Amino acid sequence: MRFVEVDLFGVYVAPISLMTVAAWLVLVALRRVADHLGLLHQVWHPALFVFAAYVIILSSIVLIVAR
Amino acid sequence: MSEPDAHHGPAWRVIAGGAVQIVKLSWVPMFMVMVADDAAGKERMSQANRRTPAQSQTDFLHAAQLWASLSSAIPALLFGLRLWAAVCLALYIAFWLQLDNAYWAGTSAAIVCQPSLGASLRKGWFRMVGTAVGAVVILVLTACFPQDRIAFLFGLALWGAACGFLTTLLRNFAAYAAALAGYTAAIIASDELGAVGGTNGDAFMLAITRASEICIGIVCAGVVLAATDFGGARRRLAAQFAELSAEITGRLAGTYSLTGPELLETRPVRRDIIRRVIALDPVIDEALGESSDLRPHSPALQAAVGGLFAALSGWRSVAVHLELLRRGQSRLEAYTVLENIPQELRQGDATSWAVDPSPTRRACAAAVRALTALPDRTPSLRLLADQTAEALIGIRRALDGLLLLTDPGRRIPGSQSARFSVPDLVPSLVNAGRAFVTIVAVELFWIMTEWPNGAQAITFAAVAVILFSPRADQAYASTMSFLVGTGLTAAFAAIVKFAVLPGVATYAGFGLAIGLVLVPAGALMTQPWQAATFTAMAANFVPLLAPANEMSYDTRQFYNAALAIVAGVGVAALAFCLFPPLSPALRTRRLLALTLRDLRRLTTGPIPRTATEWEGRVNSRLSALPDQAEPLQRAQLMAGLSVGTEIIRLRRVARRFDQDVEIDAALDAVAKGDSSAAVERLAQLDQGLAALPTRGARVRLRARAGILAMSEALAQHADYFDSGATR
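In order, the protein sequence lines correspond to chains A and B.
Once you know that position 41 of the first sequence is 41 in my numbering, the rest is easy, because the numbers rise by one and skip nothing.
Take any residue in the second sequence, note its place counting from 1, add 67, and you have its number in my numbering.
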C-alpha cells in the first residue's frame with residue numbers, strides 16, 4: 001500500500017485527488033481517440049459511457065498503486 | 068483620418084513594442100518615452116510633442132473611446148463594491164453577535180447580491196421564506212428519525228427532490244424560494260451530521276443559529292443595495308410594455324394596408340413579437356421585487372402580458388383572413404375597419420404611450436365601441452371588426468399594466484387576470500429524480516468512505532443540483548462554469564487565507580483583504596461573459612475562507628473543505644451530464660402536444676363559462692416555450708389559443724340556437740384530428756346559422772365570424788391540428 005499523503009508545493013494532499021486528476025488526463029486522451037474513430041456515436045448514452053470509462057481508469061490506477 | 072507616418076509617428080511604437088500600440092493615446096507615448104530616459108528618447112519626445120491638428124483630433128477620439136469604455140465599466144465596478152460592502156457588513160454583525168459559523172452570513176449576503184436591485188430585494192425576501200421552511204423541515208426530520216441515520220439521509224434526499232420539483236414547477240423567485248428551502252435544509256443537516264454522521268442533540272439550536280446567520284446576510288445585502296441603488300426594472304418594464312403595445316397596434320393597423328405577399332411577411336414579425344412578449348416575464352418579477360407598491364397588483368401585470376398575447380392572436384386572425392380574401396373585397400372591408408381605428412393608435416408612438424398611457428387607453432376603448440357597432444354586413448367584415456376589437460381590448464389590458472407602472476397613484480380599473488397554470492410536469496419530475504439520485508449518491512459515498520468532510524460535499528451537491536435545475540439545457544454548462552469558478556476561488560481563498568490574513572490584525576484590514584477578490588468578482592459577474600464562473604467566485608469565496616473571530620490557519624482543514632465544495636459541485640455537474648434535462652426541441656413538442664390534447668378535450672364535456680382558464684393555460688405554455696422553439700411552433704400554439712377560444716364560444720352559441728348536432732359533428736372531427744372534415748362541418752354549421760329566422764341576428768353573425776376564423780386557423784395549421792390523432 002502506498003496511499004500516503006503527497007506533498008504538493010508544501011500542501012499535503014490525499015493521494016486519491018491526484019489519482020482523479022491523472023485518470024481525467026487519461027480519459028481526455030482516450031475520448032479524443034474515441035471521437036476520432038466515431039466510437040461515441042455508436043453508444044446509447046455517450047456521457048454514461050465516458051463516465052464508466054473514467055471509473056474504470058480510476059479504479060485501475062488505484063489498483064496499480066495499491067500493488 | 069490617416070495614421071501617422073513612420074517619420075512623424077509616436078516614438079513609443081519603437082520603444083514600447085506591440086503591446087503598447089493597442090492603446091493609442093497621446094499620454095502613452097510621452098510616458099513611455101520618459102521611461103526610456105535616453106538621448107534618443109528625448110529626441111523622440113520632442114517629435115511627439117510637435118503634433119499636427121489631425122493627430123490631435125485622432126488622439127482626442129481615442130481618449131473619448133477610452134472614456135466611454137471606462138464609463139461603461141463604472142456600473143459593474145460599483146456593483147462589485149456593493150457586494151463587498153454587503154459581505155463586510157454581514158460578517159461584522161455576525162462576528163459582533165459571536166455566532167459560531169459567521170461565514171454563512173457573508174455567504175448569504177454574497178448570494179443574495181444580484182446585479183439587478185429588484186432581483187436582489189425580492190430574492191432576499193423569498194430567501195428568508197425558504198430559509199425558514201428549510202429549517203423547520205430539517206427539525207421535523209431530526210425529530211422523526213433521531214436514531215436512524217439512513218432514514219434521516221433518505222428523508223433529506225426526498226426533501227431535496229421535492230424542492231428540485233418545485234423549483235422547476237414554480238416560476239421566477241417562488242422557484243428560488245423552493246430551491247432555498249432545499250439547500251438550507253442541507254446546510255443545517257451538514258452541521259448536524261458533522262464529521263461522524265450522527266444526528267446530535269443540538270438540532271434546534273443549530274437550525275436557529277444557521278437561519279439567523281442566513282437572515283443577517285439577506286438583510287445586510289438588502290440594506291446595502293436599497294441604500295445605494297434605486298434600480299431601473301420598473302422603467303425598463305414600462306418601456307417594453309409601451310414598445311410592444313405600440314408595435315402590435317401599429318402593425319395591426321398597417322396590416323389593413325397590405326396586400327398579397329406583403330401580408331405573408333407579417334408572419335415572422337408576429338412570431339418574433341411572441342418571443343419578446345415571452346421574455347417580459349423575468350422583467351416583471353424584477354420590477355415586483357424593486358417596488359413594494361407593485362406587489363399587490365401583480366395579477367394586473369400578468370393580465371397585461373395576457374392582453375399582449377390576446378392582441379397577437381387577434382392580429383393573427385386578421386392577417387390570415389386578409390390573406391385569403393379576394394383583393395377587391397379585402398380592400399373594401401379593410402378600409403371599413405381601418406377608418407374606425409384612430410390615428411393615434413395607427414401611429415403607435417411608444418414614447419408618448421410610456422409617458423401617459425391614459426389617452427391611448429381611451430382611444431382603444433372608443434375604437435372597440437366603434438368596431439362593435441359597425442353595421443352587420445358579412446361574416447367576413449364581422450370577423451375583421453371583432454378580431455381587431457379583441458386585439459385592442461388586449462392592448463387596453465396591456466396599457467392598464469403600463470399605467471400601473473407609470474402612474475402608481477392612479478386607480479387601476481380591475482382587470483380580469485388569466486390564471487397561469489402548470490405548463491408541463493415532466494421537466495419538474497426529471498429534475499426531482501436527478502436531485503434525489505445525486506444526493507443519495509453523495510450520501511452513500513460519504514458513508515462508504517467515511518470522509519470527514521462528506522457532509523459538506525452533500526450540501527454543495529444539493530445546492531448546485533437544485534439551484535441550476537430550472538436552467539434546463541443550460542444547466543450543465545452553468546454548473547461546469549460554476550465548478551471552474553469554485554476551483555479558481557479555492558486558489559484565491561488559499562492565497563488570501565495563508566498569505567494575506569496572517570499579517571492582518573484589524574477588521575478593516577480583513578475587509579480590504581476580502582475586497583481584493585470580492586470587488587473584481589462582483590464586477591465581472593455583471594458581465595455576460597462567464598457570469599456563472601464569477602458568481603461562483605463571489606458566492607464560494609467566503610465559505611472557503613471560513614473567517615472566524617478566532618481564525619485558524621489549518622492547511623489540512625482548508626484543503627478538505629475546498630475539496631468537499633469542489634467535489635459537491637462536480638457531482639452536480641456529473642448528474643446534469645448523466646441525467647440531462649429534456650432538450651428544448653422535446654419540451655417544445657411536448658407543450659404543443661399537451662395544448663392539442665387540451666384543445667381536443669374542450670370539444671366534449673361541460674362547456675367552460677368563460678375562455679379565461681383556457682387562455683391562462685395556453686399563455687403559460689407560450690411563456691414556457693424555449694428560446695430555441697421554431698417561429699412556426701410559436702404560431703401553432705397561438706393558433707391553438709384562437710381555436711380553443713372559438714370552440715368555447717361556438718358551443719354556447721350553437722346550444723342557444725339548437726345547432727348541437729352540427730357543432731358536435733364539427734368538433735368531433737377536430738377531436739379526431741381531421742381538420743378538412745372539421746372545416747366542412749363548420750361550413751354546414753355556418754349555413755345552418757345563416758338560414759335561421761331573424762332571432763339573434765347579431766349573435767349569429769358573430770358566431771359565423773368565429774366559424775370563419777376557426778376554419779382559417781384549422782386550414783392554415785392543419786399539420787399541427789391533425790397530428791397525433793387516433794382516427
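Heads up, the beta-carbon is just placed ideally off N, CA and C, and yes, glycines get one too.
No experiment lies behind these values; they were computed from the predicted model shown.
Would B:W382 be called buried (16 or more neighbouring beta carbons within 10 Å of its own) or exposed?
Reading the second sequence from its first residue, position 315 is the one you call residue 382 of chain B. When all chains shown are included, B:W382 counts as buried.
Are the segment 521-541 of chain B and the segment 254-261 of chain B touching, with three or more C-beta to C-beta distances below 8 Å?
Judged by Cβ distances under 8 Å, the segment 521-541 of chain B makes contact with the segment 254-261 of chain B, as three or more pairs qualify.
I need the straight-line Cα distance from B:F573 to A:V11, nearest angstrom please.
Looking up residue 573 of chain B in the second sequence gives position 506. Looking up residue 11 of chain A in the first sequence gives position 11. Checking the sequence shown, residue 573 of chain B turns out to be Thr, not Phe. Their backbone Cα atoms lie some 27 Å apart in a straight line.
Below 8 Å on the Cβ atoms is my guess for B:L166 versus B:G201; work out the distance and round it to an integer in Å.
Indexing the second sequence from 1 puts residue 166 of chain B at position 99. Indexing the second sequence from 1 puts residue 201 of chain B at position 134. Taking 8 Å as the upper bound for CB-CB distance, B:L166 and B:G201 are not in contact here, some 18 Å apart.
Only counting the same chain, and skipping five residues up and downstream in sequence, which positions put a Cβ closer than 7 Å to that of B:A306?
The residue labelled residue 306 of chain B in the question sits at position 239 within the second sequence. Excluding residues within five positions, the ones whose Cβ falls inside 7 Å are A421.
Run the CB neighbour count on B:T331, radius 10 Å, all protein chains shown included, and call it buried at 16 or more, exposed below.
As a first step, residue 331 of chain B is located in the second sequence; it is residue number 264 there, counting from the start. Checking the sequence shown, residue 331 of chain B turns out to be Leu, not Thr. Flag for B:L331 reads exposed.
Determine whether the Cβ of B:R623 lies closer than 8 Å to any Cβ atom of chain A.
The residue labelled residue 623 of chain B in the question sits at position 556 within the second sequence. With its beta carbon less than 8 Å from one in chain A, B:R623 belongs to the interface.
Within 10 Å of its beta-carbon, does B:R301 have 16 or more other beta-carbons around it, so buried, or fewer, so exposed?
Translated into the one-based positions of the second sequence, residue 301 of chain B becomes position 234. Buried, because 16 or more other Cβ atoms sit within 10 Å of the Cβ of B:R301.
Per-residue DSSP class, three states only, for B:P409:
Numbered from 1 along the second sequence, position 342 holds the residue referred to as residue 409 of chain B. Three-state result, B:P409: coil.
Spatial distance of B:I714 from B:D540 (CA atoms)
Start at 1 with the first residue of the second sequence, and residue 714 of chain B comes out as number 647. Start at 1 with the first residue of the second sequence, and residue 540 of chain B comes out as number 473. Going by the C-alpha atoms only, they are around 35 Å apart.
What's the call for B:G191, buried or exposed, on a 16-neighbour Cβ count within 10 Å?
Numbered from 1 along the second sequence, position 124 holds the residue referred to as residue 191 of chain B. By the C-beta density criterion, B:G191 is buried, having at least 16 other C-beta atoms within 10 angstroms.
Check whether chain B comes within 8 Å of A:S59, counting only Cβ atoms and requiring the distance to be less than that.
Here residue 59 of chain A corresponds to residue number 59 of the first sequence, with the count starting at 1. No - not a single Cβ of chain B is within 8 Å of the one on A:S59.
Short-range partners of chain B found in the segment 32-54 of chain A, where Cβ spacing is below 7 Å
A47, L48 and F51
Closer than 7 Å by C-beta to B:V291: which residues in its own chain qualify, once you throw out the five before and the five after it? Chain order, please.
Along the second sequence, read from residue 1 onward, the residue named residue 291 of chain B stands at position 224. Taken in chain order, the residues that qualify are R149, A152, A153 and L156.
Looking at B:A229 and B:A499, is the spacing between their C-beta atoms short of 8 Å?
The sequence position of residue 499 of chain B within the second sequence is 432, counting from 1. The sequence position of residue 229 of chain B within the second sequence is 162, counting from 1. In contact: B:A499 and B:A229 (Cβ atoms closer than 8 Å).
Can you give, in chain order, each stretch of the alpha helix (DSSP H) that sits fully within the segment 612-692 of chain B and has at least 4 residues?
With a minimum length of 4 residues, the continuous alpha helix (DSSP H) runs that stay inside the segment 612-692 of chain B are 622-645, 651-669 and 679-691.
Does DSSP put A:D7 in a helix, in a strand, or in coil?
Counting from 1 along the first sequence, the entry for residue 7 of chain A is found at position 7. Residue state, collapsed to three classes: strand.
Same chain, Cβ closer than 8 Å to B:I160, neighbours up to 5 away in sequence not counted
As a position in the second sequence, residue 160 of chain B is number 93, starting the count at 1. Closer than 8 Å at Cβ, skipping near neighbours: A172, I283 and C287.
Only counting the same chain, and skipping five residues up and downstream in sequence, which positions put a Cβ closer than 8 Å to that of A:P46?
The residue labelled residue 46 of chain A in the question sits at position 46 within the first sequence. Correct list, in chain order: L40.
In chain B, which residues lie with their C-beta within 7 Å of the C-beta of A:V11?
Walking along the first sequence from the start, residue 11 of chain A turns up at place 11. Residues of chain B passing the Cβ test: T622 and Y626.
Quick one: complete beta strand (DSSP E) runs, 3+ long, within the segment 135-178 of chain B?
none
Cα separation between B:P426 and B:S650?
Along the second sequence, one-based indexing puts residue 426 of chain B at 359. Along the second sequence, one-based indexing puts residue 650 of chain B at 583. Going by the C-alpha atoms only, they are around 45 Å apart.
Quick check: what's the CA-CA separation for B:V551 versus A:V43?
Against the second sequence, residue 551 of chain B aligns to sequence position 484. Against the first sequence, residue 43 of chain A aligns to sequence position 43. Near 28 Å, if we compare the C-alpha coordinates of A:V43 and B:V551.
Which class does A:V13 belong to by DSSP, given the choice of helix, strand or coil?
Within the first sequence, the letter at position 13 stands for residue 13 of chain A. Of the three classes helix, strand and coil, the one that applies to A:V13 here is strand, per DSSP.
Taking Cβ-Cβ distances shorter than 7 Å, what residues in chain A pair up with B:L511?
Position 444 of the second sequence, counting from 1, holds the residue named residue 511 of chain B. Neighbours of B:L511 on chain A: none; closest Cβ ~14 Å, over 7 Å.
So, is B:N616 buried or exposed, given that buried needs 16 or more other C-beta atoms within 10 angstroms?
Taking the first residue of the second sequence as position 1, residue 616 of chain B is located at position 549. Within a 10 Å sphere around the beta-carbon of B:N616 sit fewer than 16 other beta-carbons, which makes this residue exposed.
Here's the rule: buried if 16 or more other CB atoms are within 10 angstroms of the residue's CB, otherwise exposed. What is B:R723?
Against the second sequence, residue 723 of chain B aligns to sequence position 656. Exposed, because fewer than 16 other Cβ atoms sit within 10 Å of the Cβ of B:R723.
Check: B:D540 C-beta below 7 Å from any heavy atom of the ligand NAP
With respect to the ligand NAP, the structure shown offers nothing to examine, as it has no ligands at all.
Provide the residue span of the alpha helix (DSSP H) that contains B:R722, from first to last.
Numbered from 1 along the second sequence, position 655 holds the residue referred to as residue 722 of chain B. Counting along the chain, the alpha helix (DSSP H) containing B:R722 begins and ends at P698 to R723.
8 Å contact criterion, which B:F376 and B:V344 should meet: CB distance rounded
Position 309 of the second sequence holds residue 376 of chain B. Position 277 of the second sequence holds residue 344 of chain B. Rounded, the Cβ-Cβ distance is 6 Å, consistent with contact.
Please look up how many angstroms separate the CB atoms of B:A605 and B:L585, rounded, as I've assumed it's under 8 Å.
Position 538 of the second sequence, counted from the first residue, corresponds to residue 605 of chain B. Position 518 of the second sequence, counted from the first residue, corresponds to residue 585 of chain B. Indeed they touch by this definition, with Cβ atoms about 6 Å apart.
Closest Cα partner of A:V28 within the set A:Y54, A:V65, A:I61 and A:L48
By 1-based counting over the first sequence, the position of residue 28 of chain A is 28. Looking at the Cα atoms, A:Y54 is the closest of the given residues.
So if I threshold CB-CB distances at 8 Å, which residues from the segment 624-657 of chain B count as touching chain A?
Y626, L630, L641, C644, L645 and P647
Are any of the Cβ atoms in chain E nearer than 8 Å to that of A:L30?
Checking the listed chains, one finds no chain E in this structure; the protein chains it contains are A and B.
CB-CB under 6 Å to B:A502, same chain, minus the five flanking residues each way: which ones, in chain order?
To locate residue 502 of chain B, count along the second sequence from 1; it is residue 435. Cβ within range, chain order: G227, A228, G231, V532 and I533.
Looking at the unbroken alpha helix (DSSP H) that takes in B:P349, where does it start and where does it end?
Looking up residue 349 of chain B in the second sequence gives position 282. It spans L347 to E357 - the alpha helix (DSSP H) in which B:P349 sits, taken as one unbroken run.
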